[in-house]
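Enquirer: Please see the structure below; I have some questions.
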Amino acid sequence: MATLHGTCLCGGVKFEVDADPEMLRFCHCASCKHLSGGGGTVNFPAPPSAIRIVEGAELLQGFTPEGGSTKTFCRECGTNLFGAGWPNSERASVRVSNIEEPLDAKVGAHLFVRSLAPWESLPDDGAERFETVSR
Ligand SMILES: [Zn+2]
Ligand SMILES: [Zn+2]
Numbered sequence: 001m002a003t004l005h006g007t008c009l010c011g012g013v014k015f016e017v018d019a020d021p022e023m024l025r026f027c028h029c030a031s032c033k034h035l036s037g038g039g040g041t042v043n044f045p046a047p048p049s050a051i052r053i054v055e056g057a058e059l060l061q062g063f064t065p066e067g068g069s070t071k072t073f074c075r076e077c078g079t080n081l082f083g084a085g086w087p088n089s090e091r092a093s094v095r096v097s098n099i100e101e102p103l104d105a106k107v108g109a110h111l112f113v114r115s116l117a118p119w120e121s122l123p124d125d126g127a128e129r130f131e132t133v134s135r
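Reminder that position 27 of the sequence shown reads as 27 in the numbering used here, one-by-one numbering, no gaps.
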């Protein structure tokens, strides 16, 4: 399995994740819009045991929106690093925007398309679309 390397915007947090993501999920939900400053987040899943914080563990800050799962940020620069309840969940979401290696994986699913903003359009990429989550 590949070891991928990730960092936040300020570089204070560095992490590694053992993963070979085959498919990415683009989440367009309202929370992901807030925390990304854009259309949403693009993620791949990884068990928390596959994620190692190499530097800056003291900068990590979690926030749990009402009715949602915990999102983890860098306290210094605000970069959102992990979602889906890391580190206390079976599978965390790794925000692919923080991974340094170029990945071959493409977006295979658009989640929460019901939360699409008027200023947002879905690409004609053939990816599956889900009103909320894919289950
Ligand atoms: Zn940072
Ligand atoms: Zn989301």
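Backbone N, C-alpha and C define an ideal beta-carbon position, used for all residues, glycine too.
1) Using the three-state DSSP reduction, which class does MET45 fall into: helix, strand or coil?
2) Roughly how many angstroms lie between the CA atoms of HIS5 and PRO45, to the nearest whole one?
3) If we count the other Cβ atoms within 10 Å of its Cβ and call it buried at 16 or more, is VAL17 buried or exposed?
4) Are ILE53 and PHE15 close, meaning C-beta to C-beta below 7 Å?
5) Does the beta carbon of GLY6 fall short of 6 Å from some heavy atom of ligand 1?
6) Pull up the distance between the alpha-carbon of LEU111 and that of THR79, whole angstroms please.
7) According to DSSP, is VAL54 part of a helix, a strand, or is it coil?
8) Go ahead and label GLY11 buried or exposed: buried means 16 or more other beta carbons lie within 10 angstroms of its beta carbon, across all protein chains shown.
9) Residue range of the beta strand (DSSP E) that HIS34 falls in?
10) For CYS77, verify whether its CB is less than 6 Å away from any heavy atom of ligand 2.
11) Apart from the five residues just before and just after GLU101, which ones in its own chain have a Cβ nearer than 8 Å to its Cβ?
12) Could you tell me the boundaries of the beta strand (DSSP E) in which MET1 lies?
Expert: To lay it out plainly:
1) Sequence check: residue 45 is Pro here, not Met. Reduced to three states, the DSSP call for PRO45 is strand.
2) Those two C-alpha atoms are separated by around 15 Å.
3) With 16 or more other Cβ atoms inside 10 Å of its own Cβ, VAL17 counts as buried.
4) Closer than 7 Å, so yes.
5) Short note on GLY6: C-beta not closer than 6 Å to any heavy atom of ligand 1.
6) One C-alpha to the other measures close to 21 Å.
7) If DSSP states are grouped into helix, strand and coil, VAL54 belongs with the strands.
8) Burial call: exposed.
9) Not the beta strand (DSSP E): HIS34 falls in the alpha helix (DSSP H), residues 30-36.
10) Incorrect: CYS77 has no Cβ contact closer than 6 Å to ligand 2.
11) Closer than 8 Å at Cβ, skipping near neighbours: ALA2, LEU4 and HIS5.
12) Note, MET1: premise wrong, no beta strand (DSSP E); not H, not E.
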